[in-house]
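Below: the structure, in structure tokens.
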Amino acid sequence: MYRIALYLLLLFPVALTAQNTNLSGFVSTESGSFVNDVEVKLFDDQGQLITTTLTVNGKYTFTNLASGYDYTIRLDKSGHPLNGLSTFDFVMIAQHLLAVNPLPTENLLLAADIDGSNSISVADLLYLREMILGIINEFPGQRNWLFLAEDQTPSDPAQINTFTFNLSGSTVFKNFVILKIGDMNRTASFD
Ligand SMILES: [Ca+2]
Ligand SMILES: [Ca+2]
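Here the sequence shown stands for residues -18 to -1, 1 to 173, where the numbers follow mature numbering (1 follows the signal peptide of the UniProt record, and there is no 0).
Right under this line is the structure:
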């Protein structure tokens, strides 16, 4: 009995010093509305999927993560890419390309890059046209939504909506803004 007690005593300081981190955050639109049913996948530093959750009232939460390691979050949301897209969006991107009416915000520039080529070109217009006409039902790379980290954590250039960061401290908040690819006049539904 004494030996077991001593053993537990020896373990106890380890349990006290092992630090765990809670990671949570909100996903919202540019206008600040919380967005539900965003799928948030959490991967460890080996690229192994730890768990998947959905935002509720705009919020996701992961608890009891080992501190000091790199983690990766990947966000996605279901829905047809035609959501929010019309000839109006087409005209806005066309006018930007013609320098008649440049898109006014960085977020719109990102959302106008439909094929993910890091530039806005006629190819984006052609994909948008084909989507509106029903010729295609997905964009290259299955791009549909675009998520931006509020704290400017850059997205993985090779994988859309994927963010890797080191986790430390007892509580980490990471908030994201969701944009709809191709939607220039903000008519997409986030339900
Ligand atoms: Ca492009
Ligand atoms: Ca639109």
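Note that the Cβ used here is the ideal one computed from N, Cα and C, for glycine as well.
Per DSSP, Ala131 is one residue of the beta strand (DSSP E) stretching across Trp127 to Ala131.
Approximately 4 Å separates the beta-carbon atoms of Leu128 and Leu161; this is inside 8 Å, confirming the contact. About 40 Å separates the beta carbon of Leu67 from that of Gly151, a gap too long to meet the 8 Å contact definition. In the DSSP assignment, Tyr109 falls within the unbroken alpha helix (DSSP H) covering Val104 to Ile114. The segment 107 to 127 makes contact with the segment 59 to 66; the number of CB pairs closer than 8 Å reaches 3 or more. Between ligand 2 and the CB of Met113, the shortest heavy atom gap is not smaller than 7 Å. Taking 7 Å as the cut-off, the C-beta of Ala93 does not count as close to any heavy atom of ligand 1. Gly123 sits in a helix when the DSSP states are folded into three classes.
Classified as exposed, Thr33 has fewer than 16 neighbouring CB atoms from the shown chains inside 10 Å of its CB. Under DSSP, Thr153 takes part in a beta bridge, and its partners are Asn4. Taking C-beta separations shorter than 7 Å and ignoring five residues to either side along the sequence, the partners of Arg111 in its chain run Phe72, following chain order. Using a cutoff of 7 Å, the CB of Asp106 counts as near ligand 1, since one of the ligand's heavy atoms is closer than that. Boundaries of the alpha helix (DSSP H) around Ile75: Thr69 to Leu79.
With a contact defined as Cβ atoms closer than 8 Å, Gly7 and Phe155 qualify at about 5 Å. Taking one beta carbon from each stretch, the segment 39 to 53 and the segment 80 to 90 have fewer than 3 pairs nearer than 8 Å; the two do not touch.
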